[in-house]
Amino acid sequence: VSEPRRGYGYACAAGTAVALKHNADILVYIDGDFSSLPSELPQLLTPIQQNEADLVLGSRMLGHIAAGAMPPHQRFGNWLSAWVMSWLYRVNVTDLGPYRAIRADLIRSLTMQEMTFGWPTEMMVKTAKRNGRILEVPVSWHTRRSGHSKISGTIRGSILAAYYILGVTLRYSVGGNQ
Numbered sequence: 202v203s204e205p206r207r208g209y210g211y212a213c214a215a216g217t218a219v220a221l222k223h224n225a226d227i228l229v230y231i232d233g234d235f236s237s238l239p240s241e242l243p244q245l246l247t248p249i250q251q252n253e254a255d256l257v258l259g260s261r262m263l264g265h266i267a268a269g270a271m272p273p274h275q276r277f278g279n280w281l282s283a284w285v286m287s288w289l290y291r292v293n294v295t296d297l298g299p300y301r302a303i304r305a306d307l308i309r310s311l312t313m314q315e316m317t318f319g320w321p322t323e324m325m326v327k328t329a330k331r332n333g334r335i336l337e338v339p340v341s342w343h344t345r346r347s348g349h350s351k352i353s354g355t356i357r358g359s360i361l362a363a364y365y366i367l368g369v370t371l372r373y374s375v376g377g378n379q
């Protein structure tokens, strides 16, 4: 899958379009830097396959975070965002992390629009607003094998991500499903 436009959401949207075109039943989102482990994929798929969830979130907070993999400012921002999400939408989440699985029919109906770091948040918010079943499972989080994080790599990047994430969370709390 190739996407010339910059932005996390654009990359997710491009992959989603290809998966839906090929009639996938379940879509999985995972960062390509091996900070999340593909070997933990069954933990995310099983609840959907057993019809226990519509959206499964890999929670780093419930799992293991390797030393140095998540700096304090990223932990705080994630905690704050998860708390706001839980409070506004009456869902119990500990993490807004990138490792997740979702039913294809649900992602298709969400008409995702956020093309920034807010993509996963929009997915969660819209699922919650539709009374979708959101489940968290523990996953591990490791230091990147290569590259530099645009989010956790700098305080500025973390603040920018928080702006998008909290903005999406708040915007949909006062608006409609779209």
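For the sequence shown, the positions run 202 to 379 when the working numbering is used.
All residues carry an ideal CB built from backbone N, CA and C; glycine is no exception.
Delimiting residues of the beta strand (DSSP E) encompassing Glu337: 335-339
Burial state of Arg304, where buried means 16 or more other Cβ atoms lie within 10 Å: buried
Spatial distance of Gly216 from Val202 (CA atoms): 6 Å
Contiguous alpha helix (DSSP H) assignments of at least 4 residues, all confined to the segment 274-340: 305-311, 320-330
Three CB pairs or more closer than 8 Å across the segment 266-279 and the segment 311-330: no
Straight-line Cα distance separating Asp232 from Met271: 14 Å
Limits of the alpha helix (DSSP H) - the one that Val375 falls within: 356-375
Val219 (DSSP reduced to helix, strand or coil): helix
For Val369 and Ile249, the rounded distance between their alpha carbons: 25 Å
Per DSSP, the bridge partner or partners of Gly259: Val338
Contact set for Tyr209: own chain, Cβ-Cβ below 6 Å, skip 5 residues either direction: Phe318, Trp320
Reduced DSSP secondary structure (H/G/I, E/B, other) of Ile249: helix
Exposure label - Lys327; buried when at least 16 CB within 10 Å: buried
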